[in-house]
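The listed protein sequences correspond, in order, to chains A and B.
Read in order, the letters of the first sequence correspond to residues 1425 to 1677 in this note's numbering.
Read in order, the letters of the second sequence correspond to residues 146 to 585 in this note's numbering.
Even glycine gets a Cβ: it sits at the ideal position worked out from N, Cα and C.
Take a look at the structure set out below.
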Amino acid sequence: MTDQTQTPLVQLKDISISFGGIRAVDHVSLDLYPGEVVGLLGHNGAGKSTLIKILSGAYQKDSGEIWINGEKADIQSPRDARDYNIETIYQTLALADNLDAASNLFLGRELVSAAGFVDDVKMESETARIMARLNPNFRKLKEPVSALSGGQRQSVAIARAVYFNAKILIMDEPTAALGVHETQMVAELIHELKKQGLGIFLISHDTREMLELCDRVSVMKNGQLVGTERVGDVTEDDILSMIIMGKKPEKAA
Amino acid sequence: MSDQTSQKSAPGTSNEGFFARFIRETEIDTRLLGMLGALALIWVGFHVYGQLVNGFGAFLTPRNLWNLSVQTASIGIMATGMVLVIITRHIDLSVGSVLGFCAIIMGVMQVNILPQFLGLGHPLIWIIAIIIGVLCGGFIGAFHGALIAYGKIPAFIVTLGGLLVWRGAAFLVARGETISPVDETFSLLGGGPYGAIGSTGSWIIGILGCAAVLGLLIMGRRKRSVHDIRQRPVWAEGFLALVGCGAVIGAVLLVNAYPWPRGIVRRYAESEGITVPEGGLFISHGFAIPVLILMAVAIFMTILMSRTRFGRYVYAIGGNPEAAELAGINTRFMTVKIFALMGALTGLSAVVASARLGSATNALGTLDELYVIAAAVIGGTSLAGGVGTIYGAVLGALVMQSLQTGMVLIGFDAAIQQVVVGSVLVLAVYLDILYRRNSK
């Protein structure tokens, strides 16, 4: 399905990071191609979130290299990551609860008028535009996001990632707080973004969902990569045994 | 009575009361109303108490209210900066001491150092002194901010240390001496008969103020129509315009109703060669210069907080520091900038305070930090972070100063004043907690 002969969008090469003597990520290598969804699976504390936080600039790796579009990239901060068109939807959503949807969507990248003042009207109408696409029921543009439901908050976080024309999208448990209907909307969005040629890293605990949404899945355990498999080649049981036992499925079986 | 009016004035809408509909349509902040109510209560209360107990209600007189406005200036200027500090979940306990230190530095500059080079009474002295004072405050603030942001020392500790350090430093600079007199032009910035802009100037300010009120309302309407947001009804806009302009004109009438004292009029008349008529000469004070400084600071800070990225980031850091960091905001450098701004405003306050006194003493600004923090908190700045307004802090400063002045006027002694001010601070925070719980 994905043309693997082209240059990978992202290559994580031999990435390691430690926190106080604990190897949270231990020599992990991963790659991601345009128009591909790669799922990251593993127990809590397996190092999935830590790994993607290195790519999104929230953490700085101890060793290893990040290559974007075949060139070595230097990502020291979230701002650097954004310069490489990497957008992240964090598990915690990372929203400032006291600000409204527009202020959150444009946080750190406010639209300013010629005089250098923030252009609230423009930002609000842009927010209304993208929200109409993502979540047509979204009305509370003026209220602080603390007044929104879990699903609405999630759509603000997703809108923020989608609005700025990301090439690489990182989604950390995007459906954890959502109901059935909203989960379906996120799945549709992922398909649409895939068609547009984005590369997506997806983190989730829901194995079945991952098999539906992803092209490949990578399993981590105790900071190490157990293996990466094409979803067509494995069953749900294979994945579960990788997560639990930390072993690759037998090819012959 | 209110039930009847609600049914008449809100036909067809819901069964909400007249007052609720009024608040909704005019979009007035209920918190602001509460503060104005508290202020009115304090003012009338002190006046009536004075009338009943002392036989003379001294509070609601042009003279007292004019003095109140001057006394509010110094605390108010600092309170606008404290709002930013508290919004970002920090605190600054050092402002009173920094004020004293900046005042001493400015005093030494204009009395001991600058006259040596420029000559006594040189017109540049006051300007250089102010620049040095504001920079001095700014650098101290930036230093505090750097310790907090990069040294990871809690703001409470850094500024508690600063409270002692800068008070002691102020003593060391001048060996505890009082430095006076300050430069003549400099002293005008503290108010007083000559440090006010007079009747004509006040009317000009008043007209500008009314124009600003109307301009803001019209601009708001235009923006809403461009963006297709529901307009306020015309009666609500009219009401806001009327109240806004009424308040401005009322303030002008008030400051113009307070004449120069007779002695000053006589001296002025002699120097200008005017003969004073039988009934005396009525020369209005008008707005005091420190009050105008406070207004300018409040306008500047309001624009900074609501219309610039800097202000947006201050609120974002207060709401969720981690999210702000992940959004690419340099939160540490922001902390340095916020404390530097607080320090610079403290330096400006030191100008007003020492100019008003006509001298610089190392005790200037003692306990100011408590009044400033109280002003910000009473004005609705949440200690949990993320919430606060500049106008609220200025009103809060007015409330604190009204309490203080009122107690002096009716003859409470210092001990009772301390008890009352301390209790009011605690009560205000408690009311704030109740208000927030109910508005959720």
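Neighbour flag for GLU170(B) against chain A, beta carbons, 8 angstroms: no
Listed by chain order, chain A residues near ILE474(B) by CB distance under 7 angstroms: GLY1532
Of the residues LEU548(B), ASN475(B), VAL230(B), the one placed nearest THR491(B), counting alpha carbons only: VAL230(B)
Selected residue, minimal CA-CA separation from ALA542(B), among ILE555(B), ALA573(B), ALA560(B): ALA573(B)
Interface partners of ARG454(B) on chain A, CB under 8 angstroms: Identification of chain A residues near ARG454(B) by a Cβ-Cβ cut-off of 8 angstroms yields GLU1534, VAL1536, VAL1542, ordered along the chain.
Spatial distance of GLU467(B) from HIS267(B) (CA atoms): 52 angstroms
Contact list for VAL1545(A) against chain B, beta-carbon separation under 8 angstroms: LYS368, VAL371, HIS372
Own chain partners of ASN1559(A) with C-beta closer than 6 angstroms, once the 5 adjacent residues on each side are dropped: SER1579
Neighbouring residues, chain B, relative to LEU1519(A) (Cβ below 9 angstroms): Within chain B, the C-beta atoms nearer than 9 angstroms to that of LEU1519(A) come from GLY464, ASN465, ALA468, in chain order.
8 angstroms Cβ cutoff, ARG457(B) in contact with chain A: yes
Simplified DSSP state of GLY1444(A), which is helix, strand or coil: coil
Proximity test, Cβ basis, 8 angstroms: LEU1572(A) and chain B: no
Limits of the beta strand (DSSP E) - the one that THR1512(A) falls within: 1510-1513
Outcome for HIS289(B) when other beta-carbon atoms lying within 10 angstroms are tallied against a minimum of 16: buried
Where VAL1452(A) falls: helix, strand or coil (DSSP): strand
Close-in-space but distant-in-sequence residues of the same chain around THR506(B) (CB under 7 angstroms, 5 per side omitted): THR323
Residues in the stretch 521-537 of chain B having any Cβ partner in chain A nearer than 7 angstroms: GLY531, VAL532
Cβ of THR1426(A) within 8 angstroms of any chain B Cβ: Confidence in THR1426(A) is poor, its pLDDT being 49 and thus under 50, which makes the residue's placement too unreliable to answer from.
Residues near ASP1657(A) in its chain [Cβ-Cβ closer than 8 angstroms; skip 5 each side]: Excluding five sequence positions before and after ASP1657(A), none of the CB atoms of its chain fall closer than 8 angstroms to its own CB.
DSSP bridge partner residues for PRO404(B) (one or two, in chain order): SER429(B)
Nearest to VAL517(B) (by Cα), restricted to the options VAL532(B), GLY503(B), LEU570(B): LEU570(B)
Short CB-CB distance (under 8 angstroms) between LEU449(B) and chain A: no
Min CB distance GLU1612(A) to chain B below 8 angstroms: no
Best match in ARG377(B), ASN401(B), GLY245(B), SER219(B) for proximity to ILE350(B) [C-alpha to C-alpha]: ASN401(B)
Straight-line gap, SER1473(A) to GLY1670(A) (C-alpha atoms, nearest Å): 18 angstroms
DSSP-derived helix/strand/coil call for PHE478(B): helix
Which residues DSSP lists as bridging HIS1595(A), in chain order: The amino acid at residue 1595(A) is misidentified as His; the sequence shows Met. Bridge partners of MET1595(A): ILE1513(A), LEU1626(A).
8 angstroms contact criterion, which ARG377(B) and THR511(B) should meet: CB distance rounded: Actually they are not in contact, since the Cβ atoms of ARG377(B) and THR511(B) sit about 46 angstroms apart, beyond 8 angstroms.
Same chain, Cβ closer than 7 angstroms to PRO1502(A), five either side skipped, listed in chain order: SER1480, GLY1481, ALA1482
Against chain A: residues of the stretch 194-226 of chain B by CB proximity under 9 angstroms: none
Short CB-CB distance (under 8 angstroms) between TYR1366(A) and chain B: The displayed coordinates of chain A run from 1425 to 1677. Any statement about residue 1366(A) would go beyond what the structure contains.
Length of the line joining the Cα atoms of ARG1584(A) and PHE1530(A): 7 angstroms
Cα-Cα separation between LEU387(B) and LEU238(B), rounded to whole angstroms: 40 angstroms
ASP577(B) versus ASN583(B) - alpha carbon distance: 10 angstroms
GLN1435(A) - DSSP class collapsed to helix/strand/coil: strand
Endpoints, the alpha helix (DSSP H) within which LEU1613(A) is located: 1604-1619
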